[in-house]
Amino acid sequence: MLIVKALHIIFVTSWFAGLFYLPRLFVNHAMVTDPATIERIALMERKLYRFMTPLGILAVLLGMWLWFGYGFVGGWLHAKTALVTLLIVYHLYCGRLLRAFAEGRNTRSHVWYRFFNEIPVLVLFAVVFLVVLKPF
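Letter by letter, the sequence shown follows residues -14 to 121 in the working numbering.
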């Protein structure tokens, strides 16, 4: 089980790297007007989303494996599961935003994306504290 736990941590860390960077690309995409720069950023967004999606799936699957190994006990784990569900929704919403940019339908400003970019940071803080402290 320690190997599963180590792999879970690796895939969660990798998934979060994508969750931190993709919205930052959206900030830049919303700011630029040069067609060549827009195309370059759009390519980076697509490649990153395709790369980070399997990482997120593996992180969730390994987390579920840990549930079955250790059990689903404690209020902290229920709270963590709710936050992971929020991250999955956030990830899928990033996919929708990616498609909106690709189709020229973005209606959000770079300022909105700057705030949107902070959501996974806040979730990460909460999840780490829940996992380490197990407060309830």
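Backbone N, C-alpha and C define an ideal beta-carbon position, used for all residues, glycine too.
Between Asn13 and Ile(-6), the beta carbon gap of about 29 Å keeps them out of contact (Cβ cut-off 8 Å). Judged by DSSP secondary structure, Glu24 falls within the alpha helix (DSSP H) whose first and last residues are Pro20 to Tyr55. In this structure, Pro20 lies away from Tyr98, with their beta-carbon atoms at least 9 Å apart.
Per the C-alpha coordinates, the member of Pro120, Leu115, Gly48 and Val108 positioned closest to Ala(-9) is Gly48.
Apart from the 5 residues on each side of it in sequence, Met29 sits with its Cβ closer than 7 Å to the Cβ of Leu10 in its chain, given in chain order.
Runs of the alpha helix (DSSP H) lying entirely within the segment 76 to 111, each at least 4 residues long, are 95 to 101 in chain order. Spanning the alpha carbons of Thr66 and Val17 requires a straight line of approximately 37 Å. For Glu88, same chain residues with a beta-carbon under 7 Å away, outside a window of 5 residues either side, do not exist. Distance from the Cα of Ile42 is smallest, within the candidate group Val117, Thr(-2), Trp61 and Ala15, for Thr(-2).
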